[in-house]
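Throughout, the working numbering is defined as the position within the sequence shown, counted from one, plus 3.
Below is one structure, written out as structure tokens; the observations come after it.
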Amino acid sequence: MSTREPFASPEFVETELWSHGVVTYPTEPAGGLTFGDGAVKLRYRFEFDHGGDPKRVAEGRCNVACAHRIADAAGRVWEARTCFRPTVFVHRLTDLGGSEPPRWAHRAPGRSEAIAARPLLRGVKVTADDRSYRRFWVDDALLEIQFKYQGLTIDVGHRGGAQVAVRVSGFFGSWAHVPMQDEGTVPIWKGGTLQAPVVGKEDQVFDPADPDEPEPDAVPGGWFDNLSPIVYSLLEREFLFRNDATWDCEYPMYADLPRPIVFRQVTGETGAPQPNVTFKPV
4 MSTREPFASP EFVETELWSH GVVTYPTEPA GGLTFGDGAV KLRYRFEFDH
54 GGDPKRVAEG RCNVACAHRI ADAAGRVWEA RTCFRPTVFV HRLTDLGGSE
104 PPRWAHRAPG RSEAIAARPL LRGVKVTADD RSYRRFWVDD ALLEIQFKYQ
154 GLTIDVGHRG GAQVAVRVSG FFGSWAHVPM QDEGTVPIWK GGTLQAPVVG
204 KEDQVFDPAD PDEPEPDAVP GGWFDNLSPI VYSLLEREFL FRNDATWDCE
254 YPMYADLPRP IVFRQVTGET GAPQPNVTFK PV
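Here you go:
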């Protein structure tokens, strides 16, 4: 696990969500903030929810909080704060709803550059330890990773297009270099057989700086290796307004029932009026 100090950018990111139909959220002071049909512009930023003890952030015992700010039809600005577990950024790595597959960070410079250019979260520590196995692809490598003592580090950067780039570092596990089949090969689900891994491809995952690492043409895979960082893209709607983390004494945890979302007026701040966002006091 990385020794970098966790960081959450104090700057807000501008984005836009679409409201289908009418939805109303409770507010303080007492009332309701109603979103009508159409685009809703908002700003968001991440924070650390440490349950009252800032030292927990460096220990990896915290939730990720997200502050959302929205201007209503009168230009008043409202903020809602939600919390979710940082493991969301790990579990979404193999999300079939994503627009792009995960890749090794050194082979996806665009995503890595987004994290460096506009970091939103950096050095967030996550321990994955449910003892279950996961198998998934990264480029031409098939990974088998047991979530046991996995000390991971998460970095998130704004990418634009209603997406963020996420980097997950620190995985160790087994891998095999198994490229996709050539045209004309009979698929395994139609009675075909898997080809042996191609040996010696320059894409193979290994560390040439390590004198004990075998040459790339010596083995097609490895067991319980320290793996390179992985990057992927995540749609903002997957975490905005997500509010399913809580505390059990001094331990952050998932809440089976999502917490209600409440908007509070931001004193002394105004924004561009949005006609389809209206406040009605009780």
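Glycine is no exception: its CB is placed at the ideal position from the N, C-alpha and C atoms.
Between which two residues does the alpha helix (DSSP H) holding residue i run?
i, result
"VAL265", "Looking at the DSSP string, VAL265 is not in any alpha helix (DSSP H), and its letter there is neither H nor E."
"GLU62", "58 to 62"
"VAL80", "Here VAL80 belongs to no alpha helix (DSSP H); instead the beta strand (DSSP E) covers 79 to 87."
Just to confirm before moving on: does the CB-CB distance between residue i and residue j stay below 8 Å?
i, j, result
"ASN246", "ARG267", "no"
"PRO105", "ILE233", "yes"
"GLY54", "TRP250", "yes"
"LEU237", "ARG95", "yes"
"CYS65", "TYR47", "no"
"VAL141", "TRP107", "yes"
"VAL93", "GLY274", "no"
"GLY173", "VAL167", "no"
"ALA131", "LEU146", "no"
Does the beta carbon of residue i come closer than 8 Å to any beta carbon on chain C?
i, result
"GLU62", "Absent here is chain C; the protein component of the structure consists of one chain."
Which stretch, first to last residue, makes up the beta strand (DSSP E) that contains residue i?
i, result
"PRO122", "122 to 131"
"VAL159", "153 to 163"
"VAL169", "166 to 172"
"PHE227", "224 to 229"
"GLY176", "175 to 180"
"PHE51", "41 to 52"
"ARG72", "66 to 74"
"LEU243", "Where LEU243 is concerned, there is no enclosing beta strand (DSSP E), given that its DSSP letter is neither H nor E."
Quick one: is residue i buried, meaning 16 or more other Cβ sit within 10 Å of its Cβ, or exposed?
i, result
"TRP226", "exposed"
"ARG134", "exposed"
"ASP75", "buried"
"HIS23", "exposed"
"LEU99", "exposed"
"ASP56", "exposed"
"GLU239", "buried"
"LYS128", "buried"
"CYS86", "buried"
"ALA11", "buried"
"SER115", "buried"
"TYR235", "buried"
"PRO9", "buried"
"ASP158", "buried"
"THR27", "exposed"
"PRO276", "exposed"
"HIS71", "buried"
"LEU260", "exposed"
"THR18", "buried"
"PRO255", "buried"
"VAL285", "exposed"
In this structure, does DSSP put residue i in helix, strand or coil?
i, result
"SER22", "strand"
"GLN207", "Note that GLN207 scores a pLDDT of 47, beneath 50, so its modelled location is shaky; the value from the coordinates is reported in the next line. GLN207 falls in the coil class under three-state DSSP."
"LEU96", "helix"
"GLU17", "strand"
"SER115", "helix"
"ARG106", "strand"
Run through the DSSP bridge pairs and tell me what residue i is partnered with.
i, result
"ILE148", "ARG137"
"THR273", "ARG79"
"GLY34", "THR30 and PRO284"
"SER12", "The partner list for SER12 (beta bridge, DSSP) is empty, contrary to what the question assumes."
"ASP251", "TYR254"
"VAL234", "ARG106 and ARG170"
Does the ligand GDP have even one heavy atom less than 7 Å from the beta-carbon of residue i?
i, result
"ARG267", "The ligand GDP is absent from the structure shown, which contains no ligand whatsoever."
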